[in-house]
Every structure is written in C-alpha cells, then in structure tokens.
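Q:
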Amino acid sequence: MMLAVASLATLATEAAARVQNYDRWKDLPNQTLLDMGNEFWHVDEIDSALVCFMILSNRYNEKLSEKEKKYSCGATVGVANLYLQQYFDYQMANRYILKAEKIATSNHFEKQLAHIYIAKAILSDELNNLSDNYQSRPNLMPWKKAYQQAVKSQEMEGACICVATLISLAVGNGLGNEIEEELKDFNRIDIPDSIPYKNFVINLCSGATAFAHKDYEQALKIFKDLSHVTIRDIHPSNSAKFNIVSLSLQSVVLDSLHRDVEVLQAFKEIERITTEQHIDDQSINALDLIRGYYTNHGNTALAQEYELKYYKAKDEFINRSKLLSVEQQQFLLELEEMGEEVKDLEAQKRVRDVVLVSVALLALLLIGFLIYLWRNYQSTKQRNLVQYQRIQELLSLEQERNRQGEKYKSSPMDDPAKDELLQRVYAAMESHQAVYEEGFTLDQLAQLVGANPNYVSQVINEKKGCNYNNFLNEYRVKEACRRLSDPETRGTYTVEAIGQSVGFKSRTNFTAIFKRFTGMTPAAY
C-alpha cells in the first residue's frame with residue numbers, strides 16, 4: 005500500500021507540473037494551440053500536446069465561426085488519438101471520438117470525419133487484439149467506412165492509411181477477396197506527391213495484387229522492397245510501424261511458400277522492433293504469432309513458453325493502461341476544472357488529496373476482496389448443502405423402496421407385467437400434454453394407460469423408487485429445462501410463465517422443485 009501511494013503521489017506531482025502550462029497557454033489563439041499540439045506530439049512531448057488539444061477542445065461552442073469550430077474539432081480528434089495511441093486509455097479515447105464525431109457531423113466537416121472514422125477503426129482493432137479469442141476475425145468494415153469517407157472528402161493521406169491497413173489485415177487473414185473493390189478504386193485515384201508514404205502504399209497494392217494472383221515470389225520481392233521505400237517526414241515510431249507491416253506481409257507470403265524458418269525469423273524481427281520501439285500492442289501480437297507458429301509445428305515447450313510471455317505482456321499492458329488511466333483522469337479532471345478561470349493549486353495539497361484518495365481506493369479494494377472471499381465461501385457452503393440434501397434424499401428413497409417392497413408383496417402383478425405397464429406409463433408421460441396441466445392426477449394417468457391407479461402407483465414406487473408426485477415433477481422439470489434452453493421460448497416468456505406452462509402453481513414451488521432435481525434455480529439454469 006505504501007509503494008502504491010508513493011507511486012500515485014509522484015504521478016500526481018508530475019501531473020500538477022504539466023497542468024501549470026494551462027495558465028500560460030489558455031489565452032493563445034486557436035490555430036496557435038493546434039499547431040503547438042501537433043508539434044509537441046511530433047517531438048514526443050505527449051502531455052504538453054494533450055494540454056494544448058484539451059484547451060482548444062474545451063473552447064468549442066455553437067457561437068464560434070466555422071473556421072474556429074474546425075480547429076476545435078481537430079483538437080478533439082487529437083485528444084482522442086493521444087488517448088488511443090499513446091496512453092492506451094480506450095474508454096477516454098472513445099469519449100473524445102464520439103465528441104468529435106458529433107461536432108463534425110453537425111457541422112458537415114467531411115475531412116475531420118474521415119480522421120474520426122480512422123480513429124474508430126484503430127480502436128476497434130485494439131479492442132479486438134486484446135480479446136481472448138485467438139481466432140477472432142478482423143473487422144474490415146470500420147476501415148472500409150473510413151476509406152470511403154476519406155475518398156469522398158479528398159483526404160488522400162487518410163485514404164492511404166486506410167488502404168495500407170486493409171491490405172495488412174486482409175492479406176494477413178486470408179481475406180484478400182474482400183478488399184478487391186477498394187484496391188481497384190484506389191488504383192484509379194491520382195495520389196498527390198505531397199503524401200509522405202505515397203510510394204509505400206502504391207507498392208503495397210502491387211504486392212497485394214501479386215499475392216492475390218498467387219505470384220508469391222513477386223509478392224515477396226515487393227514486400228521486402230517496402231523496407232527500402234523512402235517515407236518522408238514521419239515520426240520514428242511510425243516508421244517502425246511501416247516496417248512491421250512489411251514484415252507481417254512477408255511472413256504471410258513465406259508461409260504460402262512453406263519457408264517456415266523464414267516465417268519464424270520475420271515474427272521474431274517484428275518482436276524485436278516492437279520491443280525496442282515500445283509499441284506494446286504490436287509486441288503482444290508478435291508474441292501471439294510466435295506462439296501460434298510453435299503450436300502449429302508441434303513444439304509444445306516453446307509454444308507454452310511464448311504463451312506465458314504473451315499473457316504476461318498482455319497483463320502488464322492492461323495493468324499499465326489502468327495505472328496511466330488513474331494518472332490521466334486526475335490530469336484531465338484538473339484541466340476541466342480550471343476552464344477559463346484557471347487557478348494555481350499548491351503541489352503539496354494535490355499530493356495530499358491524491359494520497360487520501362489512493363488510501364481510500366486501496367481500502368475499498370481490500371473490502372471488495374474480503375466481500376468476494378465471503379461470497380465465495382457462502383456459495384461453496386450452499387453447493388455443499390445441496391449435495392448433502394441430495395444424498396439424504398437418495399437414502400430416503402432407498403428406505404422408501406424397501407418399505408414399498410414389503411407393501412406390495414401381495415400384489416398379483418409379476419415383473420413382466422410391471423415392466424409392460426411402466427413402458428405404457430413412459431409413453432403416456434412423453435406423448436400427452438395433459439401431463440403439464442396443473443392438477444394432473446394419478447387417476448388421470450391411470451386412465452391414459454388403461455390401468456388401475458393402484459397398479460400404476462405400485463409400478464412407479466417399485467420401479468422408479470419414488471411416489472407419483474416426485475415422478476410427475478421429474479418429467480415437468482425436464483420439460484422446463486427444454487423450454488428454458490429454447491431461445492424462442494426463453495426470449496418470450498418469464499421463468500414464472502415457463503414454470504406455469506409445465507404445471508407448477510407458483511414460482512416459489514417451481515424454483516424449489518427445480519433446484520431439488522438440478523441443483524440450481526431456473527434463473528441460474
């Protein structure tokens with residue numbers, strides 16, 4: 005607890021120092037703030053970039069001119085992308101994506117809308133990558149929507165990003181036929197030379213086309229040459245991401261050529277680059293690729309080793325994101341509270357507040373853990389009690405069976421007759437809906453099978469080891485299970501209605517009998 009409090013206090017002190025910039029920048033013009041934010045981002049001063057974008061984003065109101073609204077919308081997209089790609093706080097990223105989309109849609113800012121859809125597509129991919137489903141199919145639709153909007157608004161840089169991502173996702177997952185229309189359309193577009201990665205994307209399209217025509221050697225050559233294509237004026241981390249795209253596509257082609265050793269080399273190179281550049285989400289994917297490779301090649305030991313690395317990296321990534329989220333929420337809260345009337349708060353007071361909040365949070369976590377342990381104990385105790393009651397019922401049934409044997413010694417029915425009558429009883433129970441009507445009696449069952457009620461009772465008691473009521477309830481519970489398992493029935497009727505439909509008078513009675521036979525309530529089932 006002491007270490008956690010100290011860490012959070014340090015983070016709060018750093019956040020306080022960053023927020024002080026708010027005072028110096030809050031009165032700057034909108035365009036200046038937007039340019040400063042982009043420049044800070046380019047040189048990796050992420051927190052300063054966030055302050056600039058946040059000030060400008062918070063200035064948005066309906067009274068601004070169209071030009072000023074565009075600046076504010078662009079800053080809001082900047083905040084969303086910072087949370088998405090730098091802080092990995094997907095909840096906050098989604099909050100600002102939705103805010104930006106609302107601004108862009110209401111003001112018909114088509115180019116900004118293209119960037120918003122790209123951010124949405126990135127968020128969709130990141131959430132998909134963090135899911136526990138290894139075989140999850142990539143969702144191409146967000147990227148297709150972003151590409152269509154980019155082309156519509158003549159945002160060619162965004163269109164290039166969308167096409168590059170679509171190729172990477174489609175070729176890497178055997179979905180090349182699903183992007184044929186986008187590739188044909190893109191090849192018809194005249195891309196301006198001002199786009200820094202124009203040649204990279206054009207070559208990428210050529211490689212994808214060669215791969216689609218199964219010209220694997222040509223595709224491999226093109227994808228390898230991608231690492232030598234000049235990409236101007238981009239951040240080193242983005243350059244690494246382009247290299248990762250090249251290596252990923254090479255691995256797909258190498259796999260088609262059955263050059264397994266080189267596939268593994270490509271995967272490990274991706275792991276090296278992502279680790280060195282601290283591209284944590286891609287690093288997790290690289291570990292998963294290596295794990296899959298060893299699994300497919302029967303190397304269980306190495307597959308397990310990389311599976312452990314994958315889970316460790318994923319857990320560290322999620323936990324780090326949560327810690328950053330704690331810091332950034334405090335940071336964001338301070339920015340929003342300051343508004344236009346920003347005030348200097350003493351660092352000592354902020355640290356003290358964070359320490360108190362941290363202690364309270366840790367106490368709540370401890371209480372929550374104790375509550376979890378208590379509930380788990382109660383649940384285990386309840387399950388044991390149910391098992392105990394079942395055993396007692398079995399013992400009682402055995403005693404009842406012995407008593408019934410004595411009771412029916414004088415009966416004229418022999419075993420073949422009893423078996424034959426029991427089969428008729430089974431047939432009646434299975435084929436007549438009257439069984440599930442409230443008040444269905446032993447006499448009614450006897451009429452259905454054409455036998456004396458006493459003989460029917462005797463057969464049930466001797467052959468099933470229970471009385472008529474228990475025998476009937478067992479059938480009703482089985483039918484209730486069928487109806488609860490049927491999506492149509494389950495989606496239309498309440499649990500109580502289903503219980504009444506099989507002959508139980510009340511929900512309480514239904515629940516008690518259902519639990520006696522199955523060990524759980526109808527709702528839990």
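Residue numbering for the sequence shown follows the working numbering, beginning at 5 and increasing consecutively.
Here a beta-carbon is modelled for each residue, glycine too, at the ideal position from N, C-alpha and C.
1) Which residues in the same chain have their Cβ closer than 6 Å to the Cβ of L54, if we skip the five residues on either side of it in sequence?
2) Just tell me which of P491, G523 and K74 has its CA closest to the CA of L389.
3) What is the rounded straight-line gap between the Cα of N34 and the Cα of T169?
4) Around the C-beta of V47, are 16 or more other C-beta atoms found within 10 angstroms, so that it is buried, or is it exposed?
5) State buried or exposed for K318, treating a residue as buried only when at least 16 other CB atoms are found within 10 Å of its CB.
6) Express the C-alpha separation of Y310 and E266 in angstroms, rounding to a whole number.
7) Taking Cβ positions, are F227 and C209 nearer each other than 9 Å?
8) Tell me the rounded alpha-carbon separation between A290 and K272.
9) Please report how far the alpha carbon of E320 lies from the alpha carbon of Y314, in whole angstroms.
10) Got a sec? Which residues, its chain only, sit under 7 Å from S255 by beta carbon, not counting five neighbours each side?
11) Are V453 and R480 closer than 9 Å when you measure CB to CB?
12) Determine the closest residue to V83 out of F57, E186 and L32, with distance taken between C-alpha atoms.
13) Mark P142 as exposed unless 16 or more other C-beta atoms lie within 10 angstroms of its C-beta, in which case mark it buried.
14) Is it a yes or a no for the stretch 501-516 touching the stretch 468-475, going by three-plus beta-carbon pairs under 8 Å?
15) Within 10 angstroms of its Cβ, does F215 collect 16 or more other Cβ (buried), or is it exposed?
16) For K347, count neighbouring C-beta atoms within 10 Å of its own C-beta (all shown protein chains included) and say buried if the count is 16 or more, exposed if not.
17) Taking the runs of the alpha helix (DSSP H) that are 4 residues or longer, which of them lie wholly in the stretch 111-197?
18) Round the Cβ separation of P526 and T512 to the nearest angstrom and send it over; I've been treating them as touching at under 8 Å.
19) My assumption, with CB atoms under 8 Å, is that I277 sits in contact with A244. Please give the rounded CB distance.
20) Are the CB atoms of D285 and N133 nearer to each other than 9 Å?
21) Going straight from the alpha carbon of K519 to that of E483, what length do you get?
A: So, from the data block:
1) Non-local C-beta neighbours of L54 in its own chain, meaning closer than 6 Å and more than five positions away in sequence, comprise L86, ordered along the chain.
2) Residue G523 is the option with its Cα nearest to L389.
3) Put simply, the backbone Cα of N34 is about 32 Å away from that of T169.
4) The C-beta of V47 has fewer than 16 other C-beta atoms within 10 Å across all chains shown, which makes the residue exposed.
5) Its Cβ being crowded by 16 or more others within 10 Å, K318 is buried.
6) The alpha-carbon separation between E266 and Y310 amounts to approximately 18 Å.
7) Cβ atoms of F227 and C209: not closer than 9 Å.
8) Cα atoms of A290 and K272: separation of roughly 7 Å, rounded to the nearest angstrom.
9) One C-alpha to the other measures close to 10 Å.
10) Spatial neighbours of S255 in its own chain (CB-CB distance under 7 Å, excluding positions within 5 residues in sequence) are listed in chain order as V267, A270 and F271.
11) No, the pair does not count as a contact, with Cβ atoms beyond the cut-off.
12) For V83, the closest C-alpha among the options F57, E186 and L32 is that of F57.
13) Around the beta carbon of P142, 16 or more other beta carbons sit within 10 angstroms, so the residue counts as buried.
14) In the pairwise beta carbon analysis, the stretch 501-516 is classified as not touching the stretch 468-475: fewer than three pairs are separated by under 8 Å.
15) Classification of F215: buried, given that the 10 Å Cβ count is 16 or more.
16) Note on K347: pLDDT 35, under 50, position unreliable in the model; the coordinate value appears next. Around the beta carbon of K347, fewer than 16 other beta carbons sit within 10 angstroms, so the residue counts as exposed.
17) Counting whole runs of 4 or more residues, the stretch 111-197 contains the alpha helix (DSSP H) stretches 114-133, 145-156, 160-176 and 184-191.
18) Here P526 is actually not in contact with T512; their C-beta atoms are around 11 Å apart, not less than 8 Å.
19) Correct: roughly 5 Å between the Cβ atoms.
20) Against a cut-off of 9 Å, the Cβ pair of N133 and D285 comes out as a contact.
21) CA-to-CA, the gap between K519 and E483 works out to about 14 Å.
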